[in-house]
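Structure record follows, encoded as structure tokens.
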Amino acid sequence: MRIKLLSVLILLSIFLFISCCKTTSVLLIKSLPFSEVEVFIDGGGVTTPYLLSVQENEMKEISVEPVHLLDTCSWIEGVDTKAIFLEWSGLVSSSATTVELEIKNGSELIAILDFENRLEYVENFGEEDISRDDLSGWFSAGECIELTAESYEGYSFAGWEVQTEKMLETGLSSTPLIVITMETPVLLRAVYNEEGEI
1 MRIKLLSVLI LLSIFLFISC CKTTSVLLIK SLPFSEVEVF IDGGGVTTPY LLSVQENEMK
61 EISVEPVHLL DTCSWIEGVD TKAIFLEWSG LVSSSATTVE LEIKNGSELI AILDFENRLE
121 YVENFGEEDI SRDDLSGWFS AGECIELTAE SYEGYSFAGW EVQTEKMLET GLSSTPLIVI
181 TMETPVLLRA VYNEEGEI
């Protein structure tokens with residue numbers, strides 16, 4: 001009985017020694033220009049940036065959703081940014097959302113994303129904002145949008161209010177035409193006064 005127990009302990013020790021001596025590889029998984037994007041490693045979700053440690057030369061399947069809906073600002077309710085997967089770079093170059101790769105120590109895998117920002121267009125007639133879904137929409141980052149305030153009988157256009165990441169601009173030109181650069185999500189408010197109001 002003692003010999004069997006001793007044999008089992010010796011085999012267990014040898015197994016643990018061999019397991020501990022295997023070389024591990026580390027892979028940094030990140031996403032640009034956004035961090036905190038969910039990627040999947042063999043089906044399990046993790047958030048970028050993520051440091052993956054595995055046995056040397058181990059194969060892993062890594063995937064990402066083609067579109068990520070994000071709520072990045074407080075001035076637009078709900079989803080205001082879309083991160084759109086373009087390609088993987090680093091350890092592998094591929095436009096496929098799922099890649100299978102052999103992990104090499106000290107390497108990086110980067111999910112390159114493009115993004116679109118939400119323009120929320122509302123009109124204000126003194127009491128509350130009225131959302132204009134027909135003029136609101138998604139635009140590529142950096143895209144220039146030209147909009148003209150509509151005319152309404154009994155109301156005069158008073159000006160624009162623009163809310164972005166950097167500022168809230170009020171009392172902008174009462175010129176009905178405005179050009180917006182979509183660097184961040186934008187809340188654009190067309191303000192109207194009843195005719196005869198100052």
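Here the sequence shown stands for residues 1 to 198, numbered as in the numbering used here. We put the CB at the ideal spot given by N, CA and C, even for glycine. Here the structure is a predicted model, which is why all the values come from computation and not from measurement.
Taking the CA atoms as reference points, Ser31 sits about 14 Å from Ser94.
Here Glu56 carries a coil assignment [DSSP, helix/strand/coil]. Relative to Leu147, the option among Glu128, Gln163, Thr164, Tyr121 whose CA is nearest is Tyr121. Judged by DSSP secondary structure, Gly45 falls within the beta strand (DSSP E) whose first and last residues are 44 to 47. Distance check between Thr47 and each of Val37, Tyr155, Gly126 places Val37 closest, using alpha-carbon atoms only.
About 7 Å separates the CB atoms of Arg189 and Asp129; that is less than 8 Å, so the two are in contact. Per DSSP, Trp88 is one residue of the beta strand (DSSP E) stretching across 81 to 90. Rounded to whole angstroms, the separation of the alpha carbons of Ala83 and Trp138 is 11 Å. Shown here, Val162 sits in a strand according to DSSP, grouped into three states. C-alpha of Cys144 to C-alpha of Thr181: approximately 4 Å in a straight line. Here Ser140 is actually not in contact with Thr98; their C-beta atoms are around 25 Å apart, not less than 8 Å. With a threshold of 16 other beta carbon atoms within 10 Å, Leu69 falls short and is exposed. The beta carbon of Phe125 lies closer than 7 Å to those of Tyr155, Tyr192 in the same chain, with the five residues before and after it left out. Counting along the chain, no beta strand (DSSP E) covers Trp75, and no H or E run does either. Under the three-state reduction of DSSP, Asn105 is assigned to coil, being neither helix nor strand.
Taking the Cα positions, Glu77 is about 33 Å away from Leu109. Residue pairing by DSSP puts Ser131 in a beta bridge opposite Val122. Per the coordinates, the alpha-carbon of Glu150 lies some 12 Å from the alpha-carbon of Trp160.
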